[in-house]
Amino acid sequence: MQIIKDFVNGLWNENPIFRMVIGICSALAVTTAANNGIAMGLALTFVLTCSSILVSLLRNVIPSKVRIPCYIIVVATFTTVVDLFMKAYFPALYEVLGIFIPLIVVNCIVLARAEAFASKVGVARATADALGMGLGYTWAITLISMIRELLGAGTLFGYQVMGDGFTPWISAILPPGAFIVMGILVGLINMINRKTVKDTDCH
Amino acid sequence: MMANSILTSILSMGGLGLVLGGGLALASKKLAVETDPRADAIVEALPGANCGACGYPGCSGLAKSITENKAPVNACPVGGASVAEKIAKIMGVTDIGSTDDKKIARVLCQGGKSEAKVKSEYHGIKTCKAASMVNSGPKSCSFACIGFGDCVKVCPVDAITLEDNGLPVIDEGKCTGCGLCVKECPKMVLALTSNKNEVHVRCRATMKGKDTRAVCNIGCIACKLCEKVCPFDAIHVKNNVAAIDYEKCRNCMLCVEKCPTKSITSAFAARKKAVIVEEKCIGCTICAKNCPVNAITGELKKVHVVNQDLCIGCGICQEKCRKDAIEMVRNGHEKLDECSACAASK
Amino acid sequence: MLKTFKGGIHPPYNKNLTNFKPIEKAILPKKVIIPMGMHIGAPCEPLVKVGDTVKKGQKIGEAKGFVSVPAHASISGKVTAVEPRPWPGGGLMMSVVIESDGKDELFEGVKPSKSLSDLSPDEIKNLIREAGITGLGGAGFPTQVKLSPPPEKSVDTIIVNAAECEPYITADHRLLLERPDDVVLGLEAIMKATGVKRSFIGIENNKLDAVESIQKVVQGKEGIEVVILATKYPQGGEKQLIKAVTGREVPSGGLPMDVGVIVNNTGTCAAIANVLKTGLPLIERITTVTGSGIREPKNLLIRIGTPLIDIIEQCGGFKGRPGKVLMGGPMMGLAQSQLEAPAIKGTSGLLVLEKADVRLYEPSPCIRCARCVDVCPINLLPTTLAKFAEKNMWVEAESYHAMDCIECGCCSFVCPAHIPLTQHIRIAKSHIIALRKKK
Amino acid sequence: MAKELFFIIVGSVFVNNFVLSRFLGQCPFLGVSGKTETAVGMGMATTFVLTMTAVAAYFLQNYVLAPFGLEPFLQIVSFILVIASLVQLVEMVVLKISPALYNAFGIFLPLITTNCIVMGAALLIPMNNYNLIKSIALGLGAGIGFTLALALMSGIREDLEFADVPEALRGPAIVFITAGLLSMIFMGFTGLVPLG
Amino acid sequence: MDEYRLITTSSPHLHSGESISRIMFSVAIALLLPTFAGIYFFGFRALSLVIITSLAAVLTEAIFQKLRNKPITIADGSALVTGMLLALNLPPGLPYWMAVVGAVVAISLGKQIYGGLGANPFNPALIGRVFLMITFTTPMTTWINPIDGMTGATPLSLMKMEGISTDYTKLLLGNSGGSLGETSALLIIIGGLYLIYKGYVDWTIPASYLGSVALFVAILGQDPVFHLLSGGLMLGAFFMATDMVTTPLSKFGKVIFGIGAGVFTVLIRVYGGYPEGVSFSILLMNAFTPLINRFTVPKIYGEVKAR
Amino acid sequence: MNQYARMIIVLMIISIASGAVLALSYEITNPTIQEQARQKLEQSVLTVIPGATKMEEIQKEDMIVYIGLDDEGNKKGISFEATGSGFNGPIEIMVGYNPIEGNLLAIEILSMSETPGLGAKIKEEAFTSQFKGKSSEEEFAVKEDVQAISGATISSTAVANAIKTSLDKIVKIYPVGGDL
């Protein structure tokens, strides 16, 4: 039960992108196409899950004074692994995601979950949490990238969706578009959340 | 080749780890910064409203001061006894001072829209402070509540609401006695009093009786009836307005009954009544002798009876009874302010 | 180039309602209410009790402390009450109510003083204090205190504030026309009391007849110069006047004496002259009763303590439905709601606006047009201060010099969004003062 | 050379601002842009660390990683460790030499480790084959660009304190949209200097 | 006594009678001049564009306020001014739906999300224009020659790309390619002077803006008169850089604003990728405005020098 | 155990483990990565030299030149990389060239970061195909010799200039009409 709770938590209540608003550099940078969004999301989920598991396993071994360097090494290791494997087997994706794959190492989500959650609970809960957070991140940036791709190129996952008469809104896949789409989504999610809170409110 | 690269990387990483670990170990030894873990614990224990009622900059500011022994453990007026206790535990202090005497803010004016005369039509910034600075406020009584709800805005726990007649109402359950509203009110119609006190003079007008009557039909007119009726000498008219001596007041509510303008109030329906526990009463007559309103009757060595209609709930009999045979019982519900829907769902 | 200051506004002056009307003596009031605190500083202690009979000019309130002046009976009669009463400042003020006996008998102690040349500076100051003279411009600062700067401040200039920049008000204007000798005599007394050899009389150029009138008296008198100023509000603000006349700037938080200047109002000078000539303390003053809501606008010489409603009735009563009654001018005057309140020493005018003439605005959002910044004679950022005030950011407001605001009202006057900027700043000031007291 | 350095700096401050166009350093950009003082403090501290990191990354890359062929798989780990220890070192040094300076921006230092602008700049150096001077220029430019974006945003946000922003948009949402508009404005600089 | 109740307010009790709507409608009237020029040169399309963007702007404002349950304040004229300004900044041949998108973006993203009038950090009309510029670049840079109705280049891009100058009278009167309302420098100046005369525009900004552009262009060895008269500079300097909401409060701050806008305009015009930099520079200086305000707090009367 | 010793040891063990894992994964992926890069290069070389099925890499002076060969080993043309500075960053172009006739065979944009929808159109066939058959003597002046993409003159110019610059170098190495 707790495990399911931990898992679902990252999907909505504490969605890293829309609710906690952390680790958004990559969410803004690579979301020009839906494919990139998914790929980035899965890469991060992998690193996050592996690190959380390891940190959770090692939580009683690592002295608190050196815990941050230890976490960093752990995270960096998995990041490099993803980096290498992506380079080897998905070179096209790797090229698009570019510098943001290595930058997973400084993604606040990973370190924050390691420090705030995984280092305090057992492996099962840590895994559930990491998966939840990772997938929460993934769906969030996939949504962003879908909106941007649709508006900016008229396609979704590379397939033409809009009709021929469609004039692409180029700004959507430019940097300003990333910020604005993100801002509007965060605002919308706030609105939805407030409404649900109001409904459950006492008065 | 492969073994070679693994070896170099292991060596270099190992070296890095050694240097880092060593460096950190050294650093933590040499440059240890003493952060007081107690401060963090105290912050956890505090309500976290950052209301500033304690006089320190937010909860963490208070926590720091407590650890430095600059503030007492019960310095948080909002948290009350339970928080003080927790903090005391963290600090290892046992004497936490008296905190059961919780204070509650009271509104000392009943001059709402329908009761108090309005002398002018005020326009401008809609806060009490602003209105009070223009011709001393729009109400004829210069002591009256202005009713723009500055207190409502300042309350950190949403315990104050503005009623339809323009007067603030305090939810005593929510009020933490932080006193922010008291400080905010430009007309000083709010005051902190102990939650043990149930009777309040809700008028501060120091004008002569006729002048008060001219501007407000619920103000104290200094008729002194309350003074006369009080069996405990606990209420006096000073400066044309009645004032209760809370040291002496026993919440008997006689003055409330007597007050012709209803400017003295209490939760009259919840007045306490003395009830004699028959099994314990030995008929010593002490209670009957001490009752200020002669509400207890009974023969010597026989169980006494309290005339509920006469009893004023002053509790003297309970104090005097040596056999613990008198209980003070409330008439109505103690509180009715809980949301019925919530109560139902519980 | 006329002398003036930076900023300021040109409101409609509407002085022609009364500027041609000679000063008229008001009829003896049936009752006067003398508040014990008609000045800045500690209120007086009443010296009389209910039932006492008092005579005109008799001291009925003793000054408490240095920054304070005594209060005097302005009519003869019987004390009927000593209690808090409504007063123009708002709320209640301890007051002595005197019921007239109709005789208007002079108190025996009231006698003309020695001539000015025979008086020593200290004697002059004492006379001024005992006569209960305060600045008659409105703020009510005890004049004697103003004239006694601490020894480390060297004062070299006296300025008579005859600018009268408040719209509608013509009391000083008439005084300059009708009694210029008194104004100059009072000024000479001030110069003697302070030992200052140089003085200026500053008059706005919309009162050139007053300039002419006073010029005649001043002619040949050494050290007194009439300065013609541009007509602009708030030219009569103490700091603005000093800047215009001397070019000096009173330091922030400081007093005129910090730059060697003492400013006195025209009316104050005349009141001093009156004490010298008759020995009568400050029990009457000239008040301009004007506005669209008054049937017969007048410049009235009234007894201090006359209920406002009596004054209004003497001017033919209200015309139409009254909307606003202001004590003072429209820019800085105080809105009144209880007309039984008395006129006090600072009542330079009584402005009644008809209900139809009172325009009330709902504020809209600030569009940062910076007009308030342009007109602020102190060079403040009123819009920023108002925003701080709205968010209860008192510390920030203080650091943006809220305390230097002179509350002249220029910013509110020009604001196209109708934001009550002056009121916001006033609230900020009161909060800042409270915070300072705490420390 | 001087021209190239100028281009690198102008490029990373205006044309391809590290925050508004490269999307680096978003967390602190959102987090500490509320007040101008803190924003500028954070910006300066980051600029300092960035410049130091650029030097360190250059040497690490060219004298340790590349010669021993460790670059492809130890780059990330070694860079992040170097940054982390550098930040720690700077913190200690600043504390030692100037407590005033420490009070001014010392509190921001721990936050910088996870600021991806630092890591990002470090990774860009080997990617672009920059020499030492160019690396420093990049670090400096990135830092100045970061500070500029932060300062502008903080100014706007301080003003927004007084504005009636729709409730749902308060907080990060309005900051994102404002950043989007800023980023849009910064696009006016495109083509100002040749990049790359 | 009871038949009337006096009104009490805090002083002052007088008001100049000025109001926001009066300011806005004066600006709208001044804007009519360049609008007429646009209609004269570009015909019905120009007229319909102005009407459509203005309508879209006003409607967006009303809908947004309705959704937020706030009082609808379209009567204050600010949305109308935004709509007109936006139209004047568009190429006359722009598809109508794009102009509508621009107006919606201008009012919603540029203004209403910040809480409406007075709170927007950037000039809404320019936000709308720049958004269109980067979103639909090609249509936004397709210009029509006023005389033959053929597509052509603006004087600025002719200058930038091919080094061809356009003669002054053409620029002054407006029969050259360009946005709807930016071609006739003369009418814009007249409209601007009207607003300065009315006191709704502070002369310091146009003066420092135009002055610095002329100066820097001259330093870089190009023709200052050509640069002053061409492109959106005049329109920007008189109508957009002077937008009260988004410019500094103090005089000194306004001068800094003007000079900054001038520097960036010249930088972008001479070195940048876009032929025109007025919109970008004004918006950039808008972003700097809070900081400028912070550091140009006027010295108050009697402020003592640091002791 | 001494806590400091423990700190050092734990950190060291983790570092070493990390090093081992990394080295291992590098060893696993490296050949694939190399292969991928080679394939990609070859792919683009073969695209710009029609008819070629194999490539050969040679270093001539400071330029790396790829020679395209058909199945029989006949040299079909050479190709080289050109780099230009575009609107938003560098543009890398693979250029196919026939030194014998002195004209371009084809070009392919390898990487660029131009504005999507605008400058990015340099990648499209419509733009790249116009270089086919251009003589090395032409000036490649945009709007005259080369049709620019509307609204993206800078990107178009960058490509043209980059090709011209590298081509001029190549012409010195392989004079027109000379041997391959």
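Residue numbers (the numbering used here), protein chains in the order written: chain B, 1 to 203; chain Y, 204 to 549; chain F, 550 to 988; chain S, 989 to 1184; chain G, 1185 to 1491; chain L, 1492 to 1671. The beta carbon of each residue, even a glycine, is placed where N, CA and C say it ideally should be. Source: prediction; values computed, not measured.
Alpha-carbon spacing of residue i relative to residue j, whole angstroms
i, j, result
"Leu1165/G", "Ala1259/G", "With chain G covering only 1185 through 1491, there is no way to say anything about residue 1165/G."
"Thr302/Y", "Leu249/Y", "Any reading at Thr302/Y is ruled out, since the residue's pLDDT is 49, under 50, leaving its predicted position unreliable."
"Leu1417/G", "Tyr1280/G", "25 Å"
"Pro1308/G", "Asn1253/G", "22 Å"
"Glu1487/G", "Ser801/F", "5 Å"
"Asp1152/S", "Gly1299/G", "4 Å"
"Glu1518/L", "Gly999/S", "37 Å"
"Gly98/B", "Gly1624/L", "35 Å"
"Gly1395/G", "Ile1443/G", "8 Å"
"Ala219/Y", "Phe1067/S", "Note that residue 219/Y is Leu in the sequence shown, not Ala. Straight-line Cα distance between these residues: approximately 12 Å."
"Val444/Y", "Pro275/Y", "37 Å"
"Val622/F", "Ser669/F", "The sequence shown places Ala at residue 622/F, rather than the Val named in the question. Those two C-alpha atoms are separated by around 27 Å."
"Thr1193/G", "Ser397/Y", "38 Å"
"Leu1126/S", "Thr196/B", "47 Å"
"Gly1365/G", "Met1208/G", "18 Å"
Residues near residue i in its chain [Cβ-Cβ closer than 7 Å; skip 5 each side]
i, result
"Gly828/F", "Val659, Lys660, Pro661 and Ser662"
"Ala153/B", "Pro168 and Ile173"
"Ile144/B", "Ala27, Thr31, Gly37, Val181, Met182 and Leu185"
Beta-bridge pairing of residue i - partner residues as DSSP gives them
i, result
"Ile777/F", "Ile752/F"
"His621/F", "Lys608/F"
"Asn1589/L", "Asn1594/L"
"Glu1583/L", "Thr1574/L and Ser1602/L"
Contacts around residue i, its chain only, beta-carbon distance under 6 Å, and the 5 residues preceding and following it disregarded
i, result
"Pro1482/G", "Ser1434"
"Ala591/F", "Lys613, Gly614 and Ser617"
"Lys504/Y", "Gly486"
Residue of the options minimising C-alpha distance to residue i
i, options, result
"Glu482/Y", "Pro495/Y, Phe471/Y, Val506/Y and Ala472/Y", "Val506/Y"
"Pro1541/L", "Asp1553/L, Gly1559/L and Ser1626/L", "Gly1559/L"
"Met1172/S", "Thr142/B, Ile170/B and Lys195/B", "Ile170/B"
"Lys555/F", "Ile893/F, Pro619/F, Leu790/F and Ala575/F", "Leu790/F"
"Leu740/F", "Leu934/F, Val794/F, Thr692/F and Ser886/F", "The identity of residue 740/F in the sequence shown is Met, whereas the question assumes Leu. Minimum Cα distance to Met740/F is reached at Thr692/F."
"Ala118/B", "Lys195/B, Ile141/B, Ile68/B and Asp164/B", "Ile68/B"
Residues near residue i by beta carbon distance below 8 Å, same chain, minus five either side
i, result
"Val82/B", "Ala43, Phe46, Val47, Ile101 and Ile104"
"Pro965/F", "Ile916, Cys918 and Arg920"
"Leu1601/L", "Ser1535, Glu1572, Glu1583, Ile1584 and Met1585"
Three or more C-beta pairs below 8 Å linking the region 970-987 of chain F and the region 1133-1143 of chain S: Result no; under three Cβ-Cβ pairs closer than 8 Å.
Validate contact between the region 631-645 of chain F and the region 695-704 of chain F using beta carbons, cut 8 Å, 3 pairs: Counting Cβ pairs under 8 Å, fewer than three are found: no touch.
Three-pair Cβ contact test at 8 Å for the region 185-194 of chain B versus the region 1468-1485 of chain G: The region 185-194 of chain B is not in contact with the region 1468-1485 of chain G.
At least three beta-carbon pairs within less than 8 Å, the region 664-680 of chain F to the region 925-935 of chain F: Contact between the region 664-680 of chain F and the region 925-935 of chain F is absent, because fewer than three Cβ pairs lie under 8 Å.
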